[in-house]
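What follows is one structure encoded as structure tokens, with my remarks underneath.
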Amino acid sequence: MNGPSRIHTLRLLVAWAVLSVIGIVIALFIRLPPGDQSRQAGDESSLLQLMLILSVPVFVGVCLFILYAAFVFRQQGKGLVDGPPSYGNFRIQVAWVAVTAVVVFFLAGVGIAGLNGAAQATNFSTSRLATSGTAPVGSSAGHQVQVQVIGQQWYFTYRYADYGGAESLHLVLPVDANIEIHVTSTDILHSFWAYELGIKADANPGVDNIIYVTTMHTGSFTVRCAELCGIWHGNMFDTSGKVVSQDEFATWIAQLQKDNADLKLPPYAPAYFPSPRVKGA
Amino acid sequence: MATAALVEGGGPPIIQASERRLVLPTNILTGILLAAVGYWAGVQLGNGFTLNDGHNTGVLLGYSFASIMFLVGVGFANYPLARLFGWRVTPQPAGDDHTGAWRYLNLSLDHKVIGVQYLVAMLMAMLFGGIGAMLIRTNLLDPTTPIVPPDRYLTLVSMHSVMMVFVASAAIVGPFGNFFVPYMIGTNRMAFPRLEALSFWLVPPAIVILLAAPIFGGFQTGWTGYTPLSLQAEEGFDSYIVGFTLIGLALIVSGINMLTTIISLRAPGMTWTRLPIFVWGVFSASILGTFAAPILAAALVMQSLDRTMNMSFFISSNGGSPYLWQNLFWFFGHPEVYIFILPAFGIVLELIPHFARKPLWGYRTAVVGLLGVTLLSWFVWQHHLFMSGVAPALRPFFMLSTEMISIPTGIVFLVAFGTLWQAKISLTVPMLFCLGFLFNFLIGGLSGVFLSDVPSDVTLHGSYFSMAHFHYTIVGGEIFAIVAATYYWFPKMTGRMLNTTLGKIHFWWMFIAFNLAFMPLFAAGLLDMPRRVSTYAVSLQTLNDWVSFWAYLLFSSMVLFAVNLIWSWFFNFKTAPANPWEVRSIEWQLPTPLPRRNFATIPVFTGGPYDYGDPKAKPVADLGGPPDRSDPGRMGGQLEPTPS
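Residue numbers (my numbering), protein chains in the order written: chain A, 278 to 558; chain B, -14 to 629.
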């Protein structure tokens, strides 16, 4: 490495290190959504923050380099001068590819671990809910409440399999529970997105799409549709989803079953098959 | 009578062709007339065959017939009909008999004319798409009381997205690929000039048909056209089917043509390792276009059969599956986004060495990077289906393959940085846009990593975060590269320089407005704003109004660009110097305005295009001298530019 080259490298490295550290410290204080209402949401928040932290040095490095090059490596005076004829450096190229590969495989590893963790049940010693008795095919052990989400133009309804398929217009879940959510649709594609719970799954007609969520804190959450589903897609949301204590949930579900008594609901099924051509009401 | 073998200078004995002329002269006016006739005939036929309740086949057939008849009227049928029936063939179609503007409005087989035609068509399409974006942002000024009803709003969103996908697919390979690839590889023409012209003439009908969508109720499906939502759409959706199919066909014929040209028409001395990196970008995008677009075309035909005849490829209640459409669409759709960006990489890596006045650092690695993206792009499509419930066991694979894309993309950055290292940079307007590209694409790429990990994608999927991500890669990336290429090559294409002061104002205006408009949209996505909504949470109004404000400024920066283009092109009569940037690349060694025939003799390449500052460097090519017919290398390049 020649003299000027070493000076440029040194300057850039020092500036990069200092700015990256500052950036990472700031990133450590940024709490990203979706929050900690469920274990999955907490995992997502942590992963998003990890990615933010990892992208700080990359972002700082690239910006710094562009600015440094634009200001320092400029043509001086009139008339064009050629730069040094360097055609490449094999070792730097190999090192660069190796570093990006390591970061990529690390992130993929974290992602795969998170993916496996999202479906695992947490063991709550204090929980008074019985483990679901009507576990269908594909259900994993240890999930205590099974809820079906049915998308239709342009609202979601929820059926509780363990409580006679009782149906509600708002999603209410008990806290400290492993919940198995079955998402389906009666007309076209929707996507069930409970923002604060950190879960999202497409609702397909004729398909039983299963996801898991473990509630950790009581509170309200918003449910939105995240897949374009026609003209009132933007209005397909419900801000009154709730995670409540297990006692409150027991009271609520009992009331719901009572209210449902004289409704003639179709029998609970993994999927329903109406005609896709009929537009919503 | 028998067919005519029109072989000049030898071959089998020529059978006398019968003299025959078409009833109408073939030009654009005939094309429009025949398109109207074709539309009418298609509608009549379709009305007689409405096989499926609720959906009229007339519009679909009308559009299809109109497109075919338009191409016939423009002159695409002359040659095949003449060969088929043994009529005498005029050596060139009508367009090339003309001079001036009329030549550019008609079928021409000259790659220079096609390049300019493409440039104008793409800029107009970009204007339509941009107006759509402005209307969308205006509608989002208020969270609860939109100006237009939601069906019109979603039609706007869909038309904006499809129009911009048309632009993004063709706005680099079309204008700059067609114009400069033959120069860069040292040939007088493309391998298939008629296919080259066809790839352009498919575009205007596609744009017009897409713009006609609101007449038949528009379509509310976005550019993804997911079923079963598309089954609910009215005849406006036929615009999507036919328009997108035409663009798909344009991608296929252009891809085949580019691949053949680059592989087989390189001049002597133009080895694979001397090929300008822009040509490599076009080459890799052409591989994707050739093999991905047929899937789109086939899937769109399946959609139209579902809609008109209940074929049930995608109707789940009849045994089909919406997943099939999603898989087919994204199996095309993800290579498609690399069709957008690979030529943009090519432009940026092409321009940086010229303005840094250094050789391209790590040329071979850059080529490996481009081809690596090309290869990997076939293995990532299911990341669009992470939330769909299909094949959960495959998610780790697609997560890994998606993240691996950052390795070849990182190479592109490394090559750019290596070239900038200790360079002598001239901060010309094209160079500013290239540096802007690097910044914007960095953010686009980093946000892509957030979307690629399944657990974080759960929150970001289908939200404004993903919308901001792809606008950073396509607008901040590809459009910046297109603008850079326009400023760079405009003097050679039109013989006029673009105004530098306006150009610099344009850069800073566009760069600032773009970033201030799109950066907050990442936050909107994290704050649970889904894509394609006409109403949103009241708490997000300030953010949305800010975005709309800067979006207007972004649009006005493009208006400034248009002013610069029009003024410099038509009201500035000073011919540009032959090599205003003083660069090595071969197209700048030729006189301005360019002669009708590219090279009097096929050049022999003797050096690389980026060998700046190298005392051992040879001139890029030997352009002069009479053709040495005893040199077999030169004879190999002697393909005449005038296909009959």
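Yeah, the Cβ is synthetic: ideal placement off N, Cα and C, and Gly gets one too.
Range covered by the alpha helix (DSSP H) that runs through residue i
i, result
"TRP470 of chain A", "Per DSSP, TRP470 of chain A belongs to no alpha helix (DSSP H); it is in the beta strand (DSSP E), 467 to 471."
"GLU525 of chain A", "523 to 537"
"ALA480 of chain A", "Not the alpha helix (DSSP H): ALA480 of chain A falls in the beta strand (DSSP E), residues 476 to 480."
"TYR348 of chain B", "348 to 361"
"ALA561 of chain B", "Unbroken run through ALA561 of chain B: none, as it is neither H nor E."
"ILE324 of chain B", "307 to 341"
"SER519 of chain B", "Note, SER519 of chain B: premise wrong, no alpha helix (DSSP H); not H, not E."
Rounded distance between the beta-carbons of residue j and residue i, thought under 8 Å
i, j, result
"GLY462 of chain B", "TYR472 of chain B", "Not a contact, Cβ separation roughly 16 Å."
"LEU104 of chain B", "PRO160 of chain B", "4 Å"
"HIS420 of chain A", "ILE456 of chain A", "7 Å"
"VAL475 of chain A", "VAL443 of chain B", "It should be pointed out that residue 475 of chain A corresponds to Gly in this sequence rather than to Val. That pair is a contact at about 6 Å."
"GLN407 of chain B", "PRO128 of chain B", "At roughly 52 Å, the Cβ-Cβ gap does not stay under 8 Å, so GLN407 of chain B and PRO128 of chain B are not in contact."
"LEU30 of chain B", "GLY58 of chain B", "Actually they are not in contact, since the Cβ atoms of LEU30 of chain B and GLY58 of chain B sit about 19 Å apart, beyond 8 Å."
Under 7 Å between C-beta atoms of residue i and residue j
i, j, result
"ALA395 of chain A", "GLN317 of chain A", "yes"
"ASP479 of chain A", "GLY598 of chain B", "no"
"PHE299 of chain B", "ILE459 of chain B", "no"
"GLY254 of chain B", "VAL589 of chain B", "yes"
"ALA277 of chain B", "PHE314 of chain B", "no"
"PRO135 of chain B", "ILE508 of chain A", "yes"
"LEU325 of chain A", "LEU309 of chain A", "yes"
"TYR435 of chain A", "VAL426 of chain A", "yes"
"PRO190 of chain B", "GLU321 of chain A", "no"
"PHE70 of chain B", "GLU572 of chain B", "no"
"SER533 of chain B", "TRP494 of chain B", "no"
"GLY430 of chain B", "TRP346 of chain B", "no"
"ILE299 of chain A", "LEU214 of chain B", "no"
"PHE492 of chain B", "SER411 of chain B", "no"
"ASN41 of chain B", "GLU321 of chain B", "no"
"ALA561 of chain B", "PRO505 of chain B", "no"
"PHE680 of chain B", "ALA453 of chain B", "Within the shown structure, residues of chain B are numbered from -14 to 629, placing residue 680 of chain B beyond reach of any answer."
"LEU633 of chain B", "SER451 of chain B", "Given that chain B is displayed from residue -14 to residue 629, the structure contains no residue 633 of chain B and the question cannot be resolved."
"SER468 of chain A", "GLU504 of chain A", "yes"
Proximal chain A residues relative to residue i, where beta-carbon distance stays under 7 Å
i, result
"SER441 of chain B", "GLU321, LEU324, LEU325, MET328"
"VAL518 of chain B", "HIS510, GLY511"
"SER224 of chain B", "Result: empty, since nearest Cβ-Cβ is about 17 Å, beyond 7 Å."
Amino acids of chain B, ordered along the chain, whose beta-carbon sits closer than 7 Å to that of residue i
i, result
"TRP293 of chain A", "In chain order: nothing, as chain B lies at least about 13 Å away."
"ALA438 of chain A", "The premise fails here: ALA438 of chain A is roughly 18 Å from chain B at the closest Cβ pair, so nothing lies under 7 Å."
"TRP373 of chain A", "GLY395, LEU399"
"ILE508 of chain A", "PRO135, ASP136, LEU139, GLN205"
"GLU504 of chain A", "GLY447"
"PHE336 of chain A", "LEU427, LEU431"
"GLY388 of chain A", "MET384, ASP438, VAL439, PRO440"
Proximal residues of chain A, C-beta to C-beta of residue i below 8 Å
i, result
"VAL133 of chain B", "Those do not exist, as VAL133 of chain B stays about 11 Å from chain A at its closest Cβ, beyond 8 Å."
"LEU631 of chain B", "Past the edges of chain B, shown from -14 to 629, lies residue 631 of chain B, and the structure says nothing about it."
"PHE398 of chain B", "VAL339"
"ILE324 of chain B", "None at all; the shortest Cβ gap to chain A is about 23 Å."
Interface residues of chain A facing residue i [CB-CB closer than 9 Å]
i, result
"ALA51 of chain B", "Near ALA51 of chain B there are no residues of chain A at all, since even the closest Cβ is about 28 Å away, more than 9 Å."
"ARG342 of chain B", "GLN352, LEU357, VAL358, ASP359, GLY360"
"GLY347 of chain B", "TYR364, GLY365, ASN366, PHE367, ILE369, GLN370"
Neighbour list for residue i in chain B, Cβ cutoff strictly below 8 Å
i, result
"LYS477 of chain A", "MET372, VAL443, THR444, HIS446, GLY447"
Chain-ordered chain B contacts of residue i [CB-CB under 9 Å]
i, result
"SER282 of chain A", "TRP406, GLN407"
"THR499 of chain A", "ASP513, ALA522"
"ILE530 of chain A", "Near ILE530 of chain A there are no residues of chain B at all, since even the closest Cβ is about 26 Å away, more than 9 Å."
Span of the beta strand (DSSP E) around residue i
i, result
"HIS459 of chain A", "455 to 462"
"PHE433 of chain A", "432 to 437"
"GLY496 of chain A", "496 to 502"
"LEU450 of chain A", "449 to 451"
"ILE487 of chain A", "486 to 491"
"GLN425 of chain A", "422 to 429"
Contact test: residue i Cβ vs the ligand ADP heavy atom, cutoff 6 Å
i, result
"ALA480 of chain A", "In the structure on display, the ligand ADP does not appear, and there are no ligands present to speak of."
Mind listing, in chain order, the continuous beta strand (DSSP E) runs of no fewer than 3 residues lying wholly within the region 450 to 485 of chain B? none
What are the complete beta strand (DSSP E) segments, minimum 3 residues, inside the region 140 to 226 of chain B? none
Length-filtered (4 minimum) alpha helix (DSSP H) runs lying within the region 368 to 412 of chain B: 380 to 389, 391 to 405
Give, in chain order, every unbroken run of the alpha helix (DSSP H) that is at least 4 residues long and sits entirely within the region 217 to 290 of chain B. Runs of the alpha helix (DSSP H) inside the region 217 to 290 of chain B: 221 to 249.
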